[in-house]
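A.B. asks:
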Amino acid sequence: MKTLYLGLMTAFLFSGCFSSSDQNSEGTWTSFIYPDKQNLKRSMEYGQFDTLEECTKASVKKISELGLAQRGFMECGLNCSFHEGMKTLVCERVVKK
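Throughout the sequence shown, residue numbering follows mature numbering (1 follows the signal peptide of the UniProt record, and there is no 0), covering -20 to -1, 1 to 77 in sequence.
1. In the DSSP assignment, the beta strand (DSSP E) including residue 25 goes from what residue to what residue?
2. Per DSSP, which residues does residue 83 bridge with? Please list them.
3. Look at the alpha carbon of residue 69 and the alpha carbon of residue 75, and state the distance between them as a whole number of angstroms.
4. In angstroms with no decimal places, state the Cα-to-Cα distance between residue 55 and residue 36.
5. Does the Cβ of residue 65 have 16 or more other Cβ atoms within 10 Å, making it buried, or fewer, making it exposed?
6. How would you label residue 57, buried or exposed, when you count the other beta carbons within 10 angstroms and need 16 or more for buried?
7. How would you write the range of the beta strand (DSSP E) that residue 35 sits in, first residue to last?
8. Do you know how far the Cα of residue 18 is from the Cα of residue 42?
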């Protein structure tokens, strides 16, 4: 019985290491667009998306529509929430493009 329990626990622990889920299905991605890459204090929250790919595509399209392709940039943040102490949004992970 002890061996069976130990085997099940080991299999459970390693199942997380080899999971087939990719980075896109981790939660909600929020798009942030910066009209001027020299001024990071000025940004626009564009929307929330289910995958990193959707966030990136929509952000790049919006930057192009705004005519900011040369001077603006975007980033997508994963599972962002407002941090009361810092008075800003904090994300688990940020991908810049």
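C-beta atoms are modelled at their ideal positions from N, C-alpha and C, and glycine is treated no differently.
C.D. replies: On the basis of the supplied data:
1. As a first step, residue 25 is located in the sequence shown; it is residue number 45 there, counting from the start. First-last of the beta strand (DSSP E) with residue 25: 24 to 29.
2. Because the chain in this structure spans residues -20 to 77, residue 83 falls outside the shown range and cannot be described.
3. Counted from its first residue, the sequence shown places residue 69 at position 89. Counted from its first residue, the sequence shown places residue 75 at position 95. Each residue's alpha carbon lies about 15 Å from the other.
4. Along the sequence shown, one-based indexing puts residue 55 at 75. Along the sequence shown, one-based indexing puts residue 36 at 56. Distance between the alpha carbons of residue 55 and residue 36 is about 8 Å.
5. Your numbering for residue 65 matches position 85 in the sequence shown. Per the 10 Å Cβ criterion, exposed.
6. Counting from one through the sequence shown, the residue named residue 57 turns up at place 77. Under this definition residue 57 is a buried residue.
7. The residue given as residue 35 occupies position 55 in the sequence shown. Where residue 35 is concerned, there is no enclosing beta strand (DSSP E), although the alpha helix (DSSP H) it sits in stretches over 32 to 45.
8. Taking the first residue of the sequence shown as 1, we reach residue 42 at position 62. Taking the first residue of the sequence shown as 1, we reach residue 18 at position 38. The alpha-carbon atoms of residue 42 and residue 18 are separated by roughly 19 Å.
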